[in-house]
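Inspection log for the structure reproduced underneath, given as structure tokens.
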Ligand SMILES: Cc1ncc(COP(=O)(O)O)c(C=O)c1O
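Numbering (our numbering), first residue to last: -2 to 374.
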């Protein structure tokens, strides 16, 4: 990776095309060898200028709202696999028209909209099941937390799938390895075996980080093959993070260095709260190229440019003192960043560009005052 830092606008999200293509290769290999369906979840990665490459290889996308459904139609040119925690009467017809599959979050929503399915006979309907198991330790990201509002239990289905429902949708992993999927499948087969012979498709959601180095790809392929064969069903995976894993950066500039009670903070032209919200929500400390987390000769917190008191991450250690004008490169900034950014404090939204495989940078989008103003009225 050789980013032409001095010619880039700052802040800027930079997609690394080489890594995206590598990720797509892995996802395609798993799909083809296991004989399953893999589609990108737009909630995690929706950088639509990359979609021409994605649509050459993948048919469909997992969408979670009307707007993602429309983006799927406009930029991928295919029908969606829809799942939203709740659908609105005024939106459901358009979603059904543009979807091949739809999953309902509750039996109540299924009952409310099931009549409409008669007008859309090509849409296959399913129900989201909460298997009561998730390896995710942070409650904010744990779909199976006590009192979860996501999905129904297997028990709620009684003995047979409700008439008209053809699929089961289960999402309970997050950046998970194969071991957690294997555990999940054991639980599904224990609690829900009888339903697996009654359905046409099983959507195992996202969270399958098969593009992370060390992921047990062979284990995954073998397990998926077995499931497909044993139950004679279509297996669907809808990862978001795996598509864009490590496929890009956020480049920022140091604007000031401040010091308080012995802690030095490098003030940046980007914001954790507005541009990298998962750093605060999960929370996690992102990699910064050339810096070590925690230790190092010259230690700094990195501060965002919003006035939220907690808009900082740190500490980081650098080889040399930071100075105004230095560029910093945050790693792994493609999934769940651009899709979650906001205009808090009116801070400038990062530009968006791509580092092509030949090393050339292409600027795709800059944002200005009108983008901020148009979100308000
Ligand atoms: C229903 C559903 N499907 C797919 C995904 C994508 O998950 P990931 O990006 O972790 O692969 C999510 C993420 O929250 C989800 O809620």
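For each residue, glycine too, the CB sits at the ideal point set by N, CA and C. Treat the numbers as computed from the prediction; the structure is a model and nothing was measured.
If I'm right that residue i touches residue j with Cβ under 8 Å, what's the distance once you round it to whole angstroms?
i	j	result
residue 234	residue 272	Between residue 272 and residue 234 the Cβ distance is about 29 Å, and since that is not below 8 Å, they are no contact.
residue 96	residue 78	7 Å
residue 217	residue 207	6 Å
residue 220	residue 178	7 Å
residue 333	residue 275	5 Å
residue 205	residue 159	About 28 Å separates the two Cβ atoms, so there is no contact after all.
residue 240	residue 192	About 29 Å; that fails the 8 Å criterion.
residue 295	residue 318	5 Å
residue 262	residue 313	No, residue 262 and residue 313 are not in contact; Cβ-Cβ is about 11 Å, not under 8 Å.
residue 270	residue 341	6 Å
residue 93	residue 76	Going by Cβ atoms, the distance from residue 93 to residue 76 rounds to 10 Å, so no, they are not a contact pair.
residue 222	residue 32	7 Å
residue 228	residue 194	6 Å
residue 126	residue 211	Not a contact, Cβ separation roughly 29 Å.
residue 251	residue 307	The Cβ separation is near 20 Å, so there is no contact.
Taking the straight line between their C-alpha atoms, what separation do you get for residue i and residue j?
i	j	result
residue 55	residue 37	8 Å
residue 451	residue 310	The first residue shown for the chain is -2 and the last is 374, placing residue 451 beyond what the model contains.
residue 60	residue 326	30 Å
residue 255	residue 299	10 Å
residue 106	residue 83	7 Å
residue 16	residue 244	5 Å
residue 184	residue 129	9 Å
residue 80	residue 110	14 Å
residue 231	residue 35	11 Å
residue 197	residue 73	25 Å
residue 328	residue 155	47 Å
residue 0	residue 315	19 Å
residue 384	residue 278	Look at the range of the chain in this structure, -2 to 374, and you will see that residue 384 is not part of it.
residue 30	residue 142	34 Å
residue 304	residue 343	11 Å
residue 13	residue 145	36 Å
residue 24	residue 202	14 Å
residue 356	residue 11	12 Å
residue 149	residue 358	47 Å
residue 117	residue 301	48 Å
residue 290	residue 101	42 Å
residue 331	residue 87	32 Å
residue 182	residue 115	32 Å
Where do the ends of the beta strand (DSSP E) carrying residue i lie?
i	result
residue 253	245 to 257
residue 66	Where residue 66 is concerned, there is no enclosing beta strand (DSSP E), although the alpha helix (DSSP H) it sits in stretches over 63 to 68.
residue 19	It is not in any beta strand (DSSP E) - residue 19 instead sits in the alpha helix (DSSP H) that spans 14 to 31.
residue 349	348 to 352
residue 85	Looking at the DSSP string, residue 85 is not in any beta strand (DSSP E), and its letter there is neither H nor E.
residue 325	324 to 328
residue 59	58 to 60
Identify every residue that forms a DSSP beta bridge with residue i.
i	result
residue 200	166, 233
residue 98	78, 121
residue 36	Paired residues: none, contrary to the question.
residue 309	300
residue 261	256
residue 290	313
residue 216	Paired residues: none, contrary to the question.
residue 205	173
residue 9	248, 348
residue 295	315
residue 285	327
residue 126	149
For the alpha helix (DSSP H) containing residue i, name the first residue and the last one.
i	result
residue 367	366 to 370
residue 45	Note, residue 45: premise wrong, no alpha helix (DSSP H); not H, not E.
residue 358	First-last for residue 358: 358 to 362, but that is the beta strand (DSSP E), not the alpha helix (DSSP H).
residue 276	274 to 278
residue 376	Residue numbering for the chain in the displayed model covers -2 to 374; residue 376 lies beyond these limits and cannot be assessed.
residue 241	238 to 241
Three Cβ pairs or more, each shorter than 8 Å: is that satisfied between the segment 64 to 81 and the segment 256 to 266?
no
Do the segment 26 to 45 and the segment 334 to 341 meet, that is, are 3 or more Cβ pairs less than 8 Å apart?
yes
Does the contact criterion of 3 or more C-beta pairs under 8 Å hold for the segment 156 to 171 versus the segment 117 to 130?
yes
Check whether the segment 342 to 356 touches the segment -2 to 8, counting contact only when three or more Cβ pairs, one atom from each stretch, lie closer than 8 Å.
yes
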